[in-house]
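Accompanying notes for the structure given below.
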Amino acid sequence: MRAAKKRVRGIEVAYEERGRGSAIVLLHGFPFNRSMWRDQMEALSVKHRVIAPDLRGHGETPVTGSATMEEMAEDVAVLMDSLDIERAVIGGLSMGGYVAFAFTRLHPERVRALVLADTRAQADTEEARRNREAMANRALQEGMEAIAEAQMPKLLVPKTLREEPEKVARVREMIVGTNPEGAAAALRGMKARRDQSDLLPRLNVPTLIIVGSEDQLTPPTDAEIMHHEIRGSRLEIIKGTGHISNVECPEEFNHAFVSFLDTIEP
Ligand code: MLT
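The opening residue of the sequence shown carries number 436 in our numbering; numbering runs sequentially from there.
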């Protein structure tokens, strides 16, 4: 679907919008773009107004300089202002989850509920920070093909890699379509991100946590920590699925999301 664009904080933010009703904002992971939410846009827009932006440096949204989680979160807040959305269900997968945490810390009153998919609250370890910097340099020097090569086996389970060429191609295309400067800026943004663990016991909005049972990058143990710390949260573990659970198992992911929304409807 063609993107709409809004000028937000000095950049043209591309986004897609579908449906009517209370708002849901979906924040994609790294190094992907809004198209990763294709199946969710379709399912959730039956009863809701769903907005999926390309976060700065990804998809059709450029980056100028840095791309911290807070900058991405502020872009989302200003985009919501420009669309007359005061409060929304904020859903983020992986890096999108880091942005959802940053958004919640900056604008708690604008969060109606949270969906945290294949993500974690902790900051990077020292080793992870070194790997981020190496990957940022690799993206800039060798391009996104090299990043796709290295990342694909960590993103999808072997069965999907073997048997589902359409999904493999979709994920690959998102990665190689990402601007290397955008990827490097996001990697440095993730490397610098703060630990959000202290936020978890203070959250007082309905929260759904989703994770693929085979997620290697943000494994179920991270989801269980969030579930333990966030009062009243729900945890859905999708069996046989890796890191991009919404692309790999859209039916199960959508079912978990829609059932959660049903519990928070007025
Ligand atoms: C993502 O999918 O957004 C990334 O894998 C997140 C990360 O590397 O921490």
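Even glycine gets a Cβ: it sits at the ideal position worked out from N, Cα and C.
Just so we're clear, the structure is a prediction, and the values are computed from it rather than from any experiment.
Between the C-alpha atoms of residue i and residue j, what's the straight-line distance to the nearest angstrom?
i    : j    : result
G494 : N639 : 32 Å
E687 : G617 : 31 Å
E608 : A583 : 9 Å
F593 : S517 : Here residue 593 is Pro; the residue named in the question, Phe, does not match the sequence. If I take the Cα positions, the gap works out to 42 Å.
L579 : A478 : Correcting the residue type first, residue 579 is Met in the shown sequence and not Leu. When rounded, the distance between both Cα atoms is 31 Å.
G532 : L652 : 13 Å
H483 : P600 : 31 Å
Q631 : R437 : 34 Å
C684 : K441 : 31 Å
E506 : E700 : 30 Å
L461 : L596 : 25 Å
K417 : A458 : Not covered by the structure: residue 417. The range shown for the chain is 436 to 701.
A658 : R469 : 23 Å
A535 : E577 : 30 Å
P725 : H662 : Not covered by the structure: residue 725. The range shown for the chain is 436 to 701.
A627 : T503 : 7 Å
Y450 : R637 : 30 Å
G464 : A556 : 15 Å
Report yes if the C-beta of residue i is less than 7 Å from at least one heavy atom of the ligand MLT; otherwise report no.
i    : result
G464 : yes
M530 : yes
M471 : no
H663 : no
L652 : yes
H678 : yes
M625 : yes
Comparing the CB of residue i with every heavy atom of the ligand ADP, is any distance shorter than 7 Å?
i    : result
R547 : By its list of ligands, the structure shown excludes the ligand ADP, since it contains just the ligand MLT.
State the start and end residues of the unbroken alpha helix (DSSP H) segment that holds residue i.
i    : result
I610 : P600 to V611
R567 : E561 to E577
V511 : M504 to S517
I660 : P655 to E664
I699 : P685 to I699
A556 : Element bounds for A556: n/a, residue is neither H nor E.
E452 : Not the alpha helix (DSSP H): E452 falls in the beta strand (DSSP E), residues I446 to R453.
Just reading off the beta strand (DSSP E) that residue i is part of, what are its end residues?
i    : result
T642 : T642 to G647
K441 : A439 to V443
G526 : A523 to L528
P488 : R484 to P488
Quick check on residue i: buried or exposed, where buried means 16 or more other Cβ atoms within 10 Å of its Cβ?
i    : result
R444 : exposed
D489 : buried
P615 : buried
A604 : exposed
N572 : exposed
G667 : exposed
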